[in-house]
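In the numbering used here, the protein residues as written are 8 to 317. For each residue, glycine too, the CB sits at the ideal point set by N, CA and C. Inspection log for the structure reproduced underneath, given as structure tokens.
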Amino acid sequence: MCRIFIFFLLITVLNEVQAERSSVIVDLKTTEVIYADNANLPVYPASLTKLMTIYLIFEAIQQGKLAFTDQKIISVRAQRQTGSKMGLRKGKTITIRELILGLIIRSANDAAIVAAEAVAGSEQAFVWAMNQRASVLGMKDTVFKNASGLPDPQQVTTARDMAVLAIALKKRFPRYFHLFSEKQFRYGKRLFKTHNYFPQKFTGAVGMKTGFTCDAGYNLVTLVNRGKQRLIGVIFGESTSKKRDQRLAELMDMALLDSQKKVKRKTLDRIRHDTSQGAGGKINKRTLALSCGRPGRVSPSSSHSLSSSL
8 MCRIFIFFLL ITVLNEVQAE RSSVIVDLKT TEVIYADNAN LPVYPASLTK LMTIYLIFEA
68 IQQGKLAFTD QKIISVRAQR QTGSKMGLRK GKTITIRELI LGLIIRSAND AAIVAAEAVA
128 GSEQAFVWAM NQRASVLGMK DTVFKNASGL PDPQQVTTAR DMAVLAIALK KRFPRYFHLF
188 SEKQFRYGKR LFKTHNYFPQ KFTGAVGMKT GFTCDAGYNL VTLVNRGKQR LIGVIFGEST
248 SKKRDQRLAE LMDMALLDSQ KKVKRKTLDR IRHDTSQGAG GKINKRTLAL SCGRPGRVSP
308 SSSHSLSSSL
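Quick look at the structure:
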């Protein structure tokens, strides 16, 4: 019995050691960096990918190309998606608003395909648009390969780039941003509830998106409103959802105090080539999450928001 306990303790410790954490806290208005740790380190985005998918949907709505009430037909490709999904069936329809909530709340991979097809006609064309928009926004170290965040070794980002995207979503689509605060929605007879509990734990937090794969670890992007302070927080590579939320809460508490100090800080643009923040580093190929098996093993994984089964 004692040997079994020691074995599992060793597994836990090894998993904790191998996770290369990456995080950044940024002032929304000024883009000044309040805190950064490996902010330029290449990481797998997992379902944080869906923030760009949502960005392009918002953009299409703003341009009058789509409307929240538009009904879209679900394709065979969407139905066949793996990982976290809504269980969409080919030939049925779903509104653009339901797709957006499916991406935010359920982190549904099938909803991501329907959204991609609605905006660009195909996922391939949509991915091209994702990368074009990333380049325009200044997400210079991000490459998208799909609309959902399902594992692809070439699909990478950084904490810095995700902060850039979060700021763009807030500043460019203020009329739609409230959707990130939604906690549940109905599609047909099913009620989908959020798996992002950080806003319930941290006063002033808003959404925005969780992400998880075995190789990415547990990730989160959020906005915190406290008085006149508006901070964007991004965290990658935690070994459990609980540790992720605890770590981000600690960083946010520290940043909220530190941001009130009148000191000169670097902006997101200025830290991009900072080697002390992981610029030029290599992506961690090892399994990061405790729920994914033996430490050091690269496990098969699917991209989804945190769920009660994890």
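Supposed close pair residue i, residue j - CB separation, criterion 8 Å
{"i": "residue 111", "j": "residue 189", "result": "7 Å"}
{"i": "residue 121", "j": "residue 61", "result": "Residue 121 to residue 61, Cβ: 13 Å. No contact."}
{"i": "residue 276", "j": "residue 47", "result": "Contact doesn't hold; Cβ gap of about 12 Å is too wide."}
{"i": "residue 103", "j": "residue 75", "result": "5 Å"}
{"i": "residue 52", "j": "residue 218", "result": "6 Å"}
{"i": "residue 358", "j": "residue 296", "result": "What is shown of the chain runs 8 to 317, which leaves residue 358 out entirely."}
{"i": "residue 63", "j": "residue 137", "result": "7 Å"}
Chain-order list of residues whose beta-carbon lies under 6 Å from that of residue i (same chain, five-residue window excluded)
{"i": "residue 148", "result": "165, 168"}
{"i": "residue 304", "result": "Residue placement at residue 304 is flagged as unreliable, the pLDDT there being 42, under the threshold of 50; a coordinate-derived value is accordingly withheld."}
{"i": "residue 279", "result": "none"}
{"i": "residue 145", "result": "171"}
{"i": "residue 105", "result": "194"}
Length of the line joining the Cα atoms of residue i and residue j
{"i": "residue 199", "j": "residue 117", "result": "14 Å"}
{"i": "residue 192", "j": "residue 285", "result": "39 Å"}
{"i": "residue 182", "j": "residue 247", "result": "33 Å"}
{"i": "residue 56", "j": "residue 155", "result": "6 Å"}
{"i": "residue 215", "j": "residue 229", "result": "5 Å"}
{"i": "residue 98", "j": "residue 79", "result": "9 Å"}
{"i": "residue 274", "j": "residue 143", "result": "17 Å"}
{"i": "residue 126", "j": "residue 139", "result": "14 Å"}
{"i": "residue 49", "j": "residue 283", "result": "13 Å"}
{"i": "residue 6", "j": "residue 159", "result": "Nothing can be reported for residue 6, as the shown portion of the chain is limited to 8 through 317."}
{"i": "residue 271", "j": "residue 287", "result": "25 Å"}
For residue i, the nearest candidate out of the options (CA to CA)
{"i": "residue 131", "options": "84, 186, 107, 176", "result": "84"}
{"i": "residue 134", "options": "107, 279, 162, 254", "result": "162"}
{"i": "residue 227", "options": "249, 233, 234, 70", "result": "249"}
{"i": "residue 45", "options": "278, 29, 51, 107", "result": "29"}
{"i": "residue 128", "options": "67, 208, 240", "result": "67"}
{"i": "residue 233", "options": "254, 253, 209", "result": "209"}
{"i": "residue 39", "options": "255, 240, 107, 289", "result": "240"}
{"i": "residue 252", "options": "207, 235, 292", "result": "207"}
Same chain, Cβ closer than 8 Å to residue i, five either side skipped, listed in chain order
{"i": "residue 238", "result": "32, 33, 34, 35, 41, 230, 231, 259, 262, 263, 266"}
{"i": "residue 86", "result": "95, 96, 97, 117"}
Residue i burial status per 10 Å Cβ neighbour count (16 or more: buried)
{"i": "residue 69", "result": "exposed"}
{"i": "residue 152", "result": "buried"}
{"i": "residue 197", "result": "exposed"}
{"i": "residue 174", "result": "buried"}
{"i": "residue 88", "result": "buried"}
Close Cβ partners of residue i (< 7 Å) along its chain, the five nearest in sequence each way excluded
{"i": "residue 119", "result": "57, 60, 110, 154, 155"}
{"i": "residue 177", "result": "35, 184, 230"}
Residue i CB to nearest heavy atom of the ligand NAD below 6 Å
{"i": "residue 240", "result": "As presented, the structure is devoid of all ligands, the ligand NAD included, so that no description of it is given."}
Closer than 7 Å to chain B by CB, residue i
{"i": "residue 284", "result": "Protein chains in the displayed structure number just one, and chain B is not present."}
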